[in-house]
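*Asks:* Chains as they are written, first to last, in the working numbering: chain A, 10 to 332; chain E, 149 to 474.
Think of the CB as a built atom: it goes at the ideal place given N, C-alpha and C, for glycine as much as any other residue.
All of these numbers come straight from a predicted model, not from anything done at the bench.
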Ligand SMILES: Cc1ncc(C[n+]2csc(CCOP(=O)(O)OP(=O)(O)O)c2C)c(N)n1
Ligand SMILES: [Mg+2]
C-alpha cells in the first residue's frame, strides 16, 4: 500500500470529505497562507475557495462561529493552531458545543470537528505543548479522538467529520511527519474502536497517540526479558472501547496504560480505573500508568527529557506490573 | 524636544543592545545553542525603547511572544536573557520559560507571553493594584496588531477605561499577524481608532521614529500617573525578520523588507537625529556600538559556560516551595 505522512493523510481526508459534502468548511488562523501551519489545509483554498476561512486571532470567535454554523446545518472543521489556545474558547466548546443537543431536548446537532495540534514539538515550553485530553473526556457531549498512525488519521478524521456531534481531534505535532500506509479513497474507522496493534499473552499495554509506537518498541525490547506483550491503541478516548481493552487485559492478566500527558487525572487514569473496576478478578498485578510528571512543560531540553515519557519508562512499567 | 542628551544616548544604546542581542541569538540558533521559537524584534526597537524611556524602575511592563526588546528596554540583563535562550539554570527564568516567557520581576517586567493578547487584562490588573495601594506606578502593556482581535483586548481595555486605571496600551502594528497581512483579516487599519469604543485617547505614531514614540508615550504615561486613565497608542512599525525561526516569508516581498531596512531603520534614523542635535559624535557612536558588542559577547560566554538545570528542577516552582506536587 502507498505511504503518506500523517499530515498528508489528514489533508487527503479533508479534501475527500469536502468533495463529498458541500456543508463542510475549514476555519482557523493561517489556514490558507503556506497551506496552514502544518500543511494540513494545503490546497483547499485553491480547490474550495468559498469554503475556507483564514481568521483574525480570535479563538472564541472562531469556535463560536463553528458552533453556530453547525447548528444551522453546516459541518465546520475548526483548526486551533496550538491546542493550548483552545482554552481561549472554552465556553464555546464546553458550554455551547457540548451541551446543545442535551439542553434542547435533542433538537440541536453540532457536527463540528475541532482539530488540536498538541504535545511537545520544537521546544516551546508551557503554553505551546499541552495535551489535555482528559479535560474534554470529562465533558459529556464531546468525543475525543487520538490517531497514532497516518492510516488511522485519515480514517478517524473522515468519521469525525461525519459524526453528528462535536469531536475533539488530537494531532500530536511530533508525528505530523511520520509515514505509514494509508488506504486510497474511502476509508473510515468508527469512533470508539480501539485497535490491537500487536498480540501478546503476558501483559497488555494500552497506549495513546505517540505512545503506541513507543509501546511497540518497548514490546520488542521486552521479548528479551521473556515477556510477550500485547499493545492496544486506544484511538478513541471518548467514547472509550472498554470491550476491546477489557478483553485483552482479562486474557493477559496484566495492564499498563501509557499516555504522554501527565498521568495525574489524565486519560490514562480513566482507562486504568476502568480496567481496575472491570477486570479485577483477572488481574494478577497492579495496573500501572506511564505519563509525564504533573508539571507544566519546561523549556530547557535538559528538563524536557525528564518530562516526556520514553520507551524505558514503558519497559520499566511493564516490569513493575508483572512483579 | 523634551529629551535630554543623556537619555538620548541611553536609548540609542538600548536600541543597539536589542539589535545585537537578537542578531547574536539568531546566529546561535544555527549553532544549535538557542532552541525553540525566536520571534525577532529587530526593526521595532524604537517602540520598546521610546516607551520605556518614560518609565520608572517600579513601573510595570507586560509583553508578548516578541519581547526581547521589551525586556532589554526595561533593564533586563542581556547575559541572563541569553542564558534563558540557551535553556540554562542561570537564565532569567531558570531555563523554564525560554524566549517567549522571559520575565524579570526584580524590574517589574511581569513577563513576555506565549498567548497572543494575554497581557492586556493582567496589565490592567497591575494598574488596579497600583491604584489600590495608592502608589502612582504605571502599567504598560505591549501587544501586536493581531491581539486587537481578541476578546481580551476589548475586555481588558474596557475595564481599564471604566476604572480610569494608570495603564498605557501599546499596540505594535507591524502589519502582519504571523504570516497573514493584517488587512486580510481586519476591517480597521488603525488600531488607535478602536480607542473610541472605550472613550479613551487613541494615538497613532510612527514606530520607526524614536522621538515620536518617546513623546507620545511620555504624554500617555504622565496622564496615567496623574490618575486620568488609560491611553491606547498604536505604533506603526515593521519587523525586519520573519515571524519566527524558519519562516519562508512568502507573504511579503523581499523588496518591501529591503525598503524598510534601508529607509526606515529606527536606529539609523535616531542616530541622525542625535548627530543633528550635536548629542552624538562618530567616536561616541563607535564606542557605544563596541561596548554593546562586548556586552553581547560576554552574554554568550556567560550562557555558554552556565550549567543546565538539573532533573530535580522539573518539579520545583509548580507551587510555592514546600507544597507537594502530585
Ligand atoms: C491566543 C493565541 N492564538 C494564536 C497564537 C499563535 N500566534 C503566535 S504569534 C501570532 C501572530 C501574532 O500577531 P501580532 O499580535 O500582530 O504580533 P506580531 O507577531 O506581529 O508581533 C499567532 C497567531 C497564540 N500564540 N496565541
Ligand atoms: Mg503583528
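Return the CA-CA distance between residue 146 of chain A and residue 66 of chain A, expressed in angstroms with no decimal places.
*Replies:* Working through the first chain from its first residue, we reach residue 146 of chain A at position 137. Working through the first chain from its first residue, we reach residue 66 of chain A at position 57. Distance between the alpha carbons of residue 146 of chain A and residue 66 of chain A: 26 Å.
*Asks:* For residue 297 of chain A, I'd like the list of residues in its chain whose CB is within less than 7 Å of its CB, leaving aside the five on either flank, ordered along the chain.
*Replies:* Your numbering for residue 297 of chain A matches position 288 in the first chain. Closer than 7 Å at Cβ, skipping near neighbours: 265, 326, 329, 330.
*Asks:* Chain A beta carbons: is any one of them nearer than 8 Å to that of residue 270 of chain E?
*Replies:* Your numbering for residue 270 of chain E matches position 122 in the second chain. Closer than 8 Å: no.
*Asks:* Among the residues of its own chain, which have a CB less than 6 Å from the CB of residue 408 of chain E, if the five just before and after it don't count?
*Replies:* Residue mapping note: residue 408 of chain E aligns to position 260 of the second chain, counting from 1. So the list reads 386, once near-sequence residues are dropped.
*Asks:* May I ask you to list, following chain order, the residues of the stretch 258 to 287 of chain E that have a beta carbon less than 8 Å from some beta carbon of chain A?
*Replies:* For the stretch 258 to 287 of chain E, which is checked against every Cβ of chain A, the residues closer than 8 Å are 261, 262, 263, 264, 265.
*Asks:* Please confirm whether residue 189 of chain A and residue 219 of chain A have their CB atoms less than 8 Å apart.
*Replies:* The residue given as residue 189 of chain A occupies position 180 in the first chain. The residue given as residue 219 of chain A occupies position 210 in the first chain. Against a cut-off of 8 Å, the Cβ pair of residue 219 of chain A and residue 189 of chain A comes out as no contact.
*Asks:* Could you check whether the Cβ of residue 309 of chain A sits closer than 8 Å to any Cβ belonging to chain E?
*Replies:* Position 300 of the first chain, counted from the first residue, corresponds to residue 309 of chain A. Interface residue, yes.
*Asks:* What is the residue span of the beta strand (DSSP E) that residue 84 of chain A lies within?
*Replies:* The residue you call residue 84 of chain A lines up with position 75 of the first chain. 84 to 88 is the span of the beta strand (DSSP E), which, as asked, contains residue 84 of chain A.
*Asks:* Residue 137 of chain A CB to nearest chain E CB: under 8 Å?
*Replies:* On the first chain, position 128 is the one that residue 137 of chain A refers to. Closer than 8 Å to some Cβ of chain E, the Cβ of residue 137 of chain A qualifies, so yes.
*Asks:* Can you list every residue whose CB sits closer than 6 Å to some heavy atom of ligand 2, going in chain order?
*Replies:* Ordered along the chain, the selected set is E/292, E/293, E/294, E/322, E/324, E/325.
*Asks:* Per DSSP, what kind of secondary structure is residue 181 of chain A in: helix, strand or coil?
*Replies:* Reading the first chain from its first residue, position 172 is the one you call residue 181 of chain A. In this structure, residue 181 of chain A counts as strand in the three-state DSSP scheme.
*Asks:* Does the beta carbon of residue 265 of chain E fall short of 7 Å from some heavy atom of ligand 1?
*Replies:* Here residue 265 of chain E corresponds to residue number 117 of the second chain, with the count starting at 1. Indeed, a heavy atom of ligand 1 lies less than 7 Å from the Cβ.
*Asks:* In angstroms with no decimal places, state the Cα-to-Cα distance between residue 317 of chain A and residue 283 of chain E.
*Replies:* The sequence position of residue 317 of chain A within the first chain is 308, counting from 1. The sequence position of residue 283 of chain E within the second chain is 135, counting from 1. Whole-angstrom Cα-Cα distance: 45 Å.
*Asks:* Answer yes or no: do residue 323 of chain A and residue 212 of chain A have a C-beta to C-beta separation smaller than 8 Å?
*Replies:* Residue numbering aside, residue 323 of chain A sits at position 314 when the first chain is read from its first letter. Residue numbering aside, residue 212 of chain A sits at position 203 when the first chain is read from its first letter. Not closer than 8 Å, so no.
*Asks:* Tell me, please, which residues DSSP counts as bridged to residue 320 of chain E.
*Replies:* Looking up residue 320 of chain E in the second chain gives position 172. Note: residue 320 of chain E sits in a beta bridge opposite E/292, E/383.
*Asks:* Go ahead and pull the three-state DSSP assignment for residue 113 of chain A.
*Replies:* The residue labelled residue 113 of chain A in the question sits at position 104 within the first chain. Here residue 113 of chain A sits in coil by DSSP.
*Asks:* To the nearest whole angstrom, what separates the beta carbons of residue 86 of chain A and residue 133 of chain A, a pair I think is in contact under 8 Å?
*Replies:* If you number the first chain from 1, residue 86 of chain A lands on position 77. If you number the first chain from 1, residue 133 of chain A lands on position 124. Incorrect: roughly 24 Å between the Cβ atoms, too far for contact.
*Asks:* Quick check on the DSSP output: what are the complete alpha helix (DSSP H) runs of length 4 or more inside the stretch 150 to 190 of chain E, in order along the chain?
*Replies:* Those alpha helix (DSSP H) runs which fall completely within the stretch 150 to 190 of chain E and span 4+ residues are 153 to 179.
*Asks:* I want to check one thing, is the minimum distance from the CB of residue 187 of chain E to the heavy atoms of ligand 1 below 7 Å?
*Replies:* Indexing the second chain from 1 puts residue 187 of chain E at position 39. Flag set: Cβ of residue 187 of chain E near ligand 1.
*Asks:* For the stretch 290 to 312 of chain E, enumerate the residues whose C-beta is nearer than 9 Å to any C-beta of chain A, in chain order.
*Replies:* Result list: 292, 294, 295, 296, 297, 298, 299, 300.
*Asks:* Give, in chain order, every unbroken run of the beta strand (DSSP E) that is at least 3 residues long and sits entirely within the stretch 317 to 382 of chain E.
*Replies:* Counting whole runs of 3 or more residues, the stretch 317 to 382 of chain E contains the beta strand (DSSP E) stretches 350 to 354.
*Asks:* Please look up how many angstroms separate the CB atoms of residue 377 of chain E and residue 313 of chain E, rounded, as I've assumed it's under 8 Å.
*Replies:* In the second chain, residue 377 of chain E corresponds to position 229, counting from 1. In the second chain, residue 313 of chain E corresponds to position 165, counting from 1. Contact flag correct, Cβ pair sits at about 7 Å.
*Asks:* Can you give me the C-alpha to C-alpha distance between residue 40 of chain A and residue 171 of chain E, rounded to a whole angstrom?
*Replies:* Stepping through the first chain from its first residue, residue 40 of chain A is reached at position 31. Stepping through the second chain from its first residue, residue 171 of chain E is reached at position 23. The straight-line gap from Cα to Cα measures roughly 30 Å.
*Asks:* What would DSSP say about residue 463 of chain E, mapped onto helix, strand or coil?
*Replies:* Working through the second chain from its first residue, we reach residue 463 of chain E at position 315. Of the three classes helix, strand and coil, the one that applies to residue 463 of chain E here is helix, per DSSP.
*Asks:* State yes or no: is the beta carbon of residue 314 of chain E nearer than 8 Å to at least one beta carbon in chain A?
*Replies:* Counted from its first residue, the second chain places residue 314 of chain E at position 166. No, no contact with chain A.
*Asks:* Would residue 244 of chain E and residue 465 of chain E qualify as a contact pair, given that the criterion is a beta-carbon distance under 8 Å?
*Replies:* Here residue 244 of chain E refers to the residue found at position 96 when the second chain is read from its first residue. Here residue 465 of chain E refers to the residue found at position 317 when the second chain is read from its first residue. Cβ atoms of residue 244 of chain E and residue 465 of chain E: closer than 8 Å.
*Asks:* I need the DSSP call for residue 515 of chain E, collapsed to helix, strand or coil.
*Replies:* What is shown of chain E runs 149 to 474, which leaves residue 515 of chain E out entirely.
*Asks:* Terminal residues of the continuous alpha helix (DSSP H) containing residue 442 of chain E?
*Replies:* Translated into positions along the second chain, residue 442 of chain E becomes position 294. Residues 430 to 453.
*Asks:* On the DSSP bridge assignment, give the partners of residue 242 of chain A in chain order.
*Replies:* Residue 242 of chain A sits at position 233 when you count from the first residue of the first chain. A/204, A/216.
*Asks:* Contact criterion: CB-CB distance below 8 Å. Does residue 315 of chain A meet it with respect to chain E?
*Replies:* Against the first chain, residue 315 of chain A aligns to sequence position 306. With 8 Å as the cut-off, residue 315 of chain A counts as an interface residue toward chain E.
*Asks:* Could you work out which residue in A/80, A/321, A/193 is closest to residue 33 of chain A when comparing CA atoms only?
*Replies:* Counting from one through the first chain, the residue named residue 33 of chain A turns up at place 24. Comparing Cα positions, the closest option is A/80.
*Asks:* Taking C-beta pairs closer than 9 Å, name the residues in chain E that residue 50 of chain A reaches, listed in chain order.
*Replies:* As a working mapping, residue 50 of chain A is identified with position 41 in the first chain. Residues of chain E passing the Cβ test: none, with the nearest at roughly 13 Å.
*Asks:* Indicate whether residue 462 of chain E and residue 299 of chain A have their beta-carbon atoms separated by less than 8 Å.
*Replies:* The residue given as residue 462 of chain E occupies position 314 in the second chain. The residue given as residue 299 of chain A occupies position 290 in the first chain. The answer is no: Cβ separation not under 8 Å.
*Asks:* Please classify residue 104 of chain A as buried or exposed, where buried requires at least 16 other C-beta atoms within 10 Å of its C-beta.
*Replies:* Translated into positions along the first chain, residue 104 of chain A becomes position 95. With fewer than 16 other Cβ atoms within 10 Å, it is exposed.
*Asks:* Counting beta carbon pairs with one atom in the stretch 206 to 222 of chain E and one in the stretch 269 to 284 of chain A, are three or more of them shorter than 8 Å?
*Replies:* No, they do not touch.
*Asks:* Under the three-state reduction of DSSP, which class applies to residue 188 of chain A: helix, strand or coil?
*Replies:* Residue mapping note: residue 188 of chain A aligns to position 179 of the first chain, counting from 1. If DSSP states are grouped into helix, strand and coil, residue 188 of chain A belongs with the strands.
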